[in-house]
Amino acid sequence: MIEMAEGYLLADLSFRESWEIQRRGVFGVSEIIGRAFPAGFIAEILTRHGHDMAQSIDMVFETLAATGFRYYNHDHLPPDADDVGLVLRLLPYSSQPERHRAIVQAPVERLVASISTSGEIPVWLIAKAETEAETNRFVSLWGNSCAAVSANALLGLMSYDRTEYQPLIEKCVGKLFDDIGQRGIGAGWHYVPLYTIWIMCELIAQLQTQSMEIGLEQKLRAAAQTLTERFKEEVQRYRVTPQEAALLSLICLSPGAPDEMKALFKADWITILTKTQRYDGCWPGEPLYGTPTRGELATWYASSSVTTALCYHALKTVGS
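Mapping the sequence shown onto the numbering used here, position 75 (from 1) lands on 75, and the numbers just tick up by one.
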């Protein structure tokens with residue numbers, strides 16, 4: 001099963017199947033492509049399990065450098081925190097660290113400059129001088145705030161230079177935990193709920209590697225309890241899809257998950273993964289994050305490669 005999934009994922013290191021290609025004539029062009037983020041998402045998981053993904057990582061950096069750290073290869077959209085956070089997490093695995101560190105310097109500065117005084121990390125990195133003009137030409141489907149995007153960006157900053165950005169990280173984490181406490185999983189607008197819970201647990205795991213001031217630790221505990229209560233509802237699902245089984249497993253196996261959450265692990269989730277894998281090694285694509293569709297309505301991005309990466313990650317993690 002694991003070998004089959006690896007065979008599927010490693011057969012094409014550009015991960016072309018995962019690219020989000022919009023051919024609906026948006027922005028007056030016949031085609032726009034969201035290439036770097038989904039490919040980098042897969043590459044990050046594979047690097048965590050010992051694969052040399054230098055070729056894929058080089059592609060991610062070069063693509064984002066060319067697009068100005070925009071999700072699509074079109075300048076209608078501003079740069080986004082998810083793409084910046086992704087490359088910061090990929091930087092330790094780069095085969096050209098000096099070149100790639102130079103590439104990320106300006107995006108990091110823009111990310112930091114875009115963070116509000118309260119510590120809120122915006123999804124779209126609109127510089128203050130551009131705010132009015134960008135607002136007139138850009139419509140965000142689900143707002144400019146998302147707990148999952150914030151967690152991804154914070155994990156990137158912590159990987160990039162935790163010491164340098166520690167005060168900012170703590171401020172942003174405090175705001176993020178407040179949002180989770182007030183709105184629960186609803187604070188994660190752009191991603192499916194299970195992904196939001198998982199990435200929050202991953203963030204908590206990294207935060208717990210260092211001491212925290214009492215106030216921040218209290219906020220962490222409150223947010224963790226809110227996530228746990230929601231997770232108790234999620235595990236009661238009557239029907240569980242492969243990607244849901246993977247995320248449910250990854251949540252329970254995350255070092256940052258509270259003990260109460262870890263205790264809810266079900267071996268049946270792994271059974272679902274083993275029984276639903278296709279003959280070519282993949283699992284069918286399932287919704288992960290929001291994207292626009294015809295009529296500028298919202299739909300979900302889904303990719304067999306991305307779903308397979310998550311299922312593979314769960315199988316490798318449970319066996320480690």
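Virtual Cβ for every residue (Gly too), placed ideally from N, Cα, C.
Every value quoted in this text rests on a predicted model; they were computed, and no experiment measured them.
Option nearest residue i by Cα separation, candidates the options
i: G181; options: I197, Y191, W19; result: I197
i: E17; options: F37, V26, M53; result: F37
i: T317; options: G7, L194, Q225, G50; result: G50
i: A263; options: T276, L248, L273; result: L248
i: M59; options: T299, T117, Y93, R221; result: Y93
i: V192; options: E286, R89, F15, S304; result: E286
i: L288; options: E62, I270, H190; result: H190
i: D178; options: A222, T117, L125; result: A222
i: I340; options: K219, Y165, E62; result: With the chain covering only 1 through 320, there is no way to say anything about residue 340.
i: C371; options: I169, M200, G25; result: Shown here, the chain extends from 1 to 320; a query on residue 371 therefore has no answer.
i: C252; options: L216, Y195, G290, S304; result: Y195
i: S304; options: T276, A187, L155; result: T276
Cβ-Cβ distance between residue i and residue j below 7 Å
i: L86; j: G40; result: yes
i: R230; j: I185; result: yes
i: I204; j: G281; result: no
i: E296; j: S254; result: no
i: A66; j: S56; result: no
i: L273; j: A302; result: no
i: I32; j: H74; result: yes
i: P78; j: L125; result: yes
i: Y8; j: G34; result: no
i: S95; j: A54; result: yes
Strand pairing of residue i, partner residues [DSSP]
i: G68; result: Note: G68 sits in no beta bridge, so no partner.
i: I21; result: I33
i: D80; result: W124
Contact with chain C by residue i, beta-carbon distance below 7 Å
i: C146; result: The structure shown contains no chain C; it is built from a single protein chain.
First through last residue of the alpha helix (DSSP H) which encompasses residue i
i: L155; result: 147-183
i: Y195; result: 193-207
i: Q225; result: 214-234
i: A245; result: 242-253
i: Q96; result: No alpha helix (DSSP H) holds Q96; DSSP gives it neither H nor E.
i: L264; result: Careful: L264 lies outside any alpha helix (DSSP H) and carries neither H nor E.
i: L91; result: Where L91 is concerned, there is no enclosing alpha helix (DSSP H), given that its DSSP letter is neither H nor E.
i: I2; result: 2-10
Residue i Cβ short of 6 Å to the ligand GTP heavy atom set
i: H313; result: Looking at this structure, you won't find the ligand GTP or any other ligand, since it has none at all.
Extent of the continuous beta strand (DSSP E) run through residue i
i: L288; result: 286-293
i: G34; result: 32-34
i: Y301; result: 297-303
Three-pair Cβ contact test at 8 Å for the segment 171-179 versus the segment 87-107: no
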